[in-house]
Structure formats: C-alpha cells, structure tokens
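Reviewing the structure listed below.
Protein chains in written order, with the numbering used here: chain A, 7 to 344; chain B, -9 to 313.
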C-alpha cells in the first residue's frame, strides 16, 4: 500500500465539438477542454477538496476519477497501479474501490425500492454476501455506521419517507457497503437545508475517521470546504491554479482568482450591509471551447501584463510547505494587496 | 420613517386532499421606504409562499384566508384579480421569481419578451418602449444590444439581470426577490448583490429579499425576519441579529451557528437535530419545541407571542427576556 491512494498526472478530458463544413474539409477539430492538464494526488485518509465556479471542470474531474468518462490524456494511478485505461473485470473491481456520493439524494434512489432493496442491489451486483441474511447483516451494519438507528425501522421505508438528511445518510451507507477506499462526493450537501447540512458533513467526517476513508470533495462552496477538507485545490477553466491547506489557501491566497473568489463570499457578520462588495475581477468565466492564450486567467486579471498574455502558461509552483500556485506575478499581487 | 408595505396577520392556507396546510400563519411585518427586509428560513417554512401572498397570487390549492396587505397606502386585500393585474402587480409591487433566469422563453429574443410585458401594461409607441427597455437594461449593467440576443446566448448572471430589469421597468415601489443569487456562482452573486444595492439607492426602491442563506442576508438586508413553520419567530435589525449579542430565538441562534464562516477555523459545526414539522399537523405550542434544546414544559402547551425585547427587535420565545 502506498501513501498516495490516487494520483493523477496531467489529466485531460476534451469533448469534441461539432464542426462546421469549412472545418470539416480543412480537417480541423475543435474541443471543449473541460479538464486540461490537472495533476494532484490524494493521501490515504485525507479529505481533498476541489473547488471552483460552475464550468471550471471540477465535476468532470470527479467523473474521470470515478471512471465514468474515459480521459483524453494523462495518467491515473490507484494505489500505485495504472488505471488510466481499464476495462471489464478490472473496471468492476475499480468501481468497488472508488464509490460516489451524488448531489441529489432525491434522484439517486429508486422511488419504488425500499431502503433495503436500494442497499442490497450493489451487493448483488458485486456478488457480496452468501445469502439474503448475510446481506441483511451487512446492510444493518452500514446503516448503524451512518447513525440511522434502529436500522430495522429504516429498512422497510421507501425513499420518500425519509428526510433529505436521512436520504443522504442512506446514500452514504450504500457506498460504504462495498468497502471503498476512495469516496467521490460531488456537492453532497448543496441540496440539503442549512440546519441539516452541518449534520451530514459531521456524519461524513465521523465515518471517514472511523473507517479510515479518503474523500474527494467537490464543491463550489468555499465555506464548507474550509470546514470539511484537509487540502483544497482551486480550479479555473480546467486547470488547478492554487492548491494547499485550507488555512493557507483561504487566509493567505496567492492567485488573483482565488483572492477574488474569497472576497466574493458572503459572511454572516454585522456591518456589511452598507458597503458594496469588492469584486476585483471583471466578467464571467469564458467558454472552455475557447481558452485564452498564455495564462488562461489573464483577460479577467487586474494584474495581467504583456508577459501573461504572450508567454506560455505558468505552471504550479510551490511557495512553501505544500502551498502551490500558478501565477507569474504573485509577488506583485502580494505587494499591492498589503 | 414612512411605511411602504404593511402586512397584518396574513394567513395563506393550502387546502389539500389530506387536510389544511397552514403555510403562512398569522404573519405581520412592515417595510420602510428604502429598506431591504430579509426573509430567511429553511425550505418549506413559508418564505416563498409569503412572497406570492404579497402579490395576491397564491399557487392553487392555496388561498389567502385572512389578514391585510397595504402597499403604498393602498389596501390591496379587497381588490379583484383584474384590478390587481391592472394597478398593483408590477406597477406597485413586483417580484423576481426563484430561477427567474430560466423563465425566459428560448424562441424569442430578449427584446421581444421585454416588449411584450411592457405593451401589456402601457400604451406606448414602439420607439418609446424601446428606449425605456434600453434605459433599464443599462441600469442593470447590460448594453442595449442584448435585446437582439436569444436567452441561450447569455450567461446566468446576464439572464438574472434581465429578470431584474423586467421587474423594474413599470416603476414599482417594492420588489420581492426570491433567492436571486442562489443558482449563481460566487463572483456573479457578489455582482448581483452590488447591483441590487445600487438600484435601491438610484431608484429609491424597497426590497424584500428571500433566501435560505443567513450569510447572504447579512450583506443585503437592513432588517431580517426569520420564519419557521409558517410563522415569523424573530425579526430584528441587521446589527441586532449579527451583532455581538446576537439573536435571541434558539432557532435563529442554531441556524447562525450552523452557517459556516470562511475565515474561522472550527472543528465542528453545530446543527439542529430533526427536520421541520409537517404543517398538516404542526406541533402544539411553540412549533420549534420538538427540535429545541432549551424547551420547557410551557413551550409544548402555549404558543409564545411575538414580543419586543429591544427597539425593533421582536422574538417569539418563552425563554427570551427584555434586553
């Protein structure tokens, strides 16, 4: 067992765009570069957060890790083993190790199945448990782990008889049945009410600690990422532009984009109502079909100079103990900020 | 200060086949000129229903069964549907619906859709109408050129701006915004919040800002009303709710504690156990008592009235005392 549970190097996913007739005859291709060279690794027992605005490629990255999509380029290693292009039996084994918690607990369960049937299905598919009784025991154990007590009471319920929080618990229990090593959680709490949101995150953290799980937590919400994760990577237009511990990334951001994101977050404190929010960057995220030359953030960046437009894209550089950023002008950015 | 909107003992019930759902039950509040009042609460607490009730257009099988609504000195409760449509809706009070940006029809240009709304209400020369549309588009930070575009060509933030412009251009006094920033990205959210504040100044508007997010509310609302299970449980000024002493009602306190803060490292966030009650059979006494950590015997029996604990700060809880 290696320390890194999953490692991706220069991962890419390009979706082809329908060409017009001129492009067809000229043999040109156009792509939406949803994920365009992403590298990171997640340590065993770590909660790794992937944050960014919609369209930055965070969900596509999650799907690549789930192997719901085939990568266009790059390498993926699970436990040191190359899993970039695997098929059939190997893929089935991979899926047992890497499970997903979906965003919408209302849509991820068959409404005509009772909780027991919902949970038994993956066991049957993966041929786990000798008979119904043994499977029942496994299901009860998983329900207890997510604090759905007493399990017998929940087994016979239909999904509509559960609250949003209970549903997300049941969905988590279902993924735990297969004893996964890595859980990909794509916005697991964004559809849940605020009062229960903290409860679900708390439960997920407890399960993670008890069972030694590893999470890839995908979200657009920096505040929950701060609370929930051990490490955060900020994505912009298909690339990671800053990565590090939450304390570093959120309290001492380096990249102008991260700074803008943080400035834009609302906080429940007094004395903000009479001030306008300072949003240091302009416009909205451009289309991934048309990524700007040079540093991909330069058209919106207040610090951009000719160098940013003309020279090649800056790579992730380490600032100090595991805090990475991809900005050529980080020194100037910090000077003007202080 | 002058009151632009007054709501007294408003009741809106849904008559379903299973029974009566008291979605808005005895809600009273007022809105001052130039003020933003926030309505917060979990989903199903009746905040959107309250918004619809203010326009007198409850979703069936809902019906307004009691109370009085006064807009700009005019009591709108006895008005008929056609009078509402002609003189009140969008003329005096308008609403930016939740997900309004997705309500634009994909087959018409923005200009055509906006023109339709305008000509429905005003007899206006086309040229004049076009000028008016352009003026309001500029006000929300868009160029007049977007009238030629189709909704799919615009980003979410731009569509939200168009929804706001459409709510504005008959010059209403009060605008109800239902979750105007929820589906947007953080940076766009901040831009929209700035836009609303800016419009409030420029056009002397008053806003009702409905959201589930206490953090957003802290940035936009001068006063905040917290709803739970169809009732207002606490209402106070921004500084009273978010200030040092903080709110008094246990529900507001818990909700605020469950809101993660970006610049504070906490090891555990608190949460409220259980789920909001089924409004077909709301709990007796205080509706929050089954989830409340400081509930007493009295809470299950008697419903607490909304009392003033300090100036402009009202709370409905047996545990709260005058400050």
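Built from N, CA and C at the ideal position, the CB exists for glycine as well.
- Here residue 141 of chain B carries a helix assignment [DSSP, helix/strand/coil].
- For residue 230 of chain B, the enclosing alpha helix (DSSP H) has its first and last residue at 228 to 232.
- Residue 196 of chain B is outside the set of residues whose beta carbon lies under 8 Å from a beta carbon in chain A.
- Residue 225 of chain B has a beta carbon lying at 8 Å or more from every beta carbon in chain A.
- Per DSSP, reduced to three states, the secondary structure at residue 314 of chain A is helical.
- Sixteen is the threshold: since fewer than 16 other Cβ atoms of the shown chains lie within 10 Å of the Cβ of residue 150 of chain A, the residue is exposed.
- Here the alpha carbon of residue 91 of chain B sits roughly 31 Å from the alpha carbon of residue 226 of chain B.
- For residue 287 of chain A, the neighbours in chain B by C-beta distance under 9 Å run, in chain order, 177.
- Counting only the Cα atoms, residue 276 of chain B lies some 39 Å from residue 182 of chain A.
- Of all residues in the stretch 229 to 256 of chain B, only 229, 230, 231, 232, 233, 234, 241, 244, 245, 246, 247, 248, 249, 250, 251, 252, 253, 254, 255, 256 place a beta-carbon less than 9 Å from a beta-carbon of chain A.
- Between the C-alpha atoms of residue 110 of chain A and residue 52 of chain A there is a straight-line separation of about 24 Å.
- Between residue 201 of chain A and residue 262 of chain B, the CB-CB gap stays under 8 Å.
- With respect to residue 11 of chain B, residue 269 of chain B sits close: the two C-beta atoms are nearer than 8 Å.
- Around the beta-carbon of residue 179 of chain B, 16 or more other beta-carbon atoms lie within 10 Å, marking it buried.
- Residue 223 of chain B sits close to residue 239 of chain B, with the two beta carbons spaced by under 8 Å.
- For chain B, the residues of the stretch 265 to 291 of chain A that bring a beta carbon within less than 8 Å of one of its beta carbons are 266, 267, 268, 269, 270, 271, 272, 273, 274, 275, 276, 277, 278, 279, 282, 283, 285, 287, 290, 291, in chain order.
- For secondary structure counted as the beta strand (DSSP E) over 3 or more consecutive residues, the stretch 175 to 221 of chain A holds these complete runs in sequence order: 188 to 192.
- Against residue 147 of chain B, the close residues of chain A are 290, in the order they occur along the chain (beta-carbon pairs closer than 8 Å).
- Classified as buried, residue 199 of chain A has 16 or more neighbouring CB atoms from the shown chains inside 10 Å of its CB.
- At a cut-off of 8 Å between beta-carbon atoms, residue 16 of chain B makes no contact with chain A.
- The three-state secondary structure of residue 135 of chain B, taken from DSSP, is helix.
- As for any alpha helix (DSSP H) of minimum length 4 sitting wholly inside the stretch 176 to 253 of chain B, the runs are 176 to 193, 204 to 210, 228 to 232, 240 to 248, ordered along the chain.
- Between the stretch 41 to 52 of chain B and the stretch 73 to 86 of chain B there are three or more C-beta pairs closer than 8 Å, enough to call the two in contact.
- Excluding the 5 residues flanking it on each side, residue 29 of chain A has same chain C-beta neighbours closer than 8 Å at 35, 36, in chain order.
- Under the Cβ criterion of 8 Å, residue 110 of chain A is not counted among the residues facing chain B.
- For residue 13 of chain B, the enclosing beta strand (DSSP E) has its first and last residue at 9 to 22.
- As the crow flies, the alpha-carbon of residue 291 of chain A is around 31 Å from that of residue 107 of chain B.
- Residue 66 of chain B carries a coil assignment under DSSP once its states are collapsed to helix, strand and coil.
- The criterion of a C-beta distance shorter than 8 Å is satisfied by residue 171 of chain A and residue 206 of chain A.
- Scanning B:-3, B:213, B:153, B:150 for the CA closest to the CA of residue 59 of chain B turns up B:-3.
- When the five nearest sequence neighbours on each side are left out, the beta carbons in the same chain lying within less than 7 Å of the beta carbon of residue 70 of chain A are those of 17, 19, 41, 77, in order along the chain.
- Interface with chain A (8 Å Cβ-Cβ cutoff): residue 268 of chain B is excluded.
- Listed in chain order, the alpha helix (DSSP H) runs fully inside the stretch 33 to 79 of chain B are 37 to 44, counting runs of at least 4 residues.
- Among the residues of chain B, those whose CB is under 7 Å from the CB of residue 204 of chain A are 248, 259, 260, 261, following chain order.
- Taking a Cβ-Cβ cut-off of 8 Å, residue 154 of chain A has no neighbours in chain B, whose nearest Cβ is about 14 Å from it.
- Our two residues, residue 34 of chain B and residue 14 of chain B, have alpha carbons roughly 10 Å apart in a direct line.
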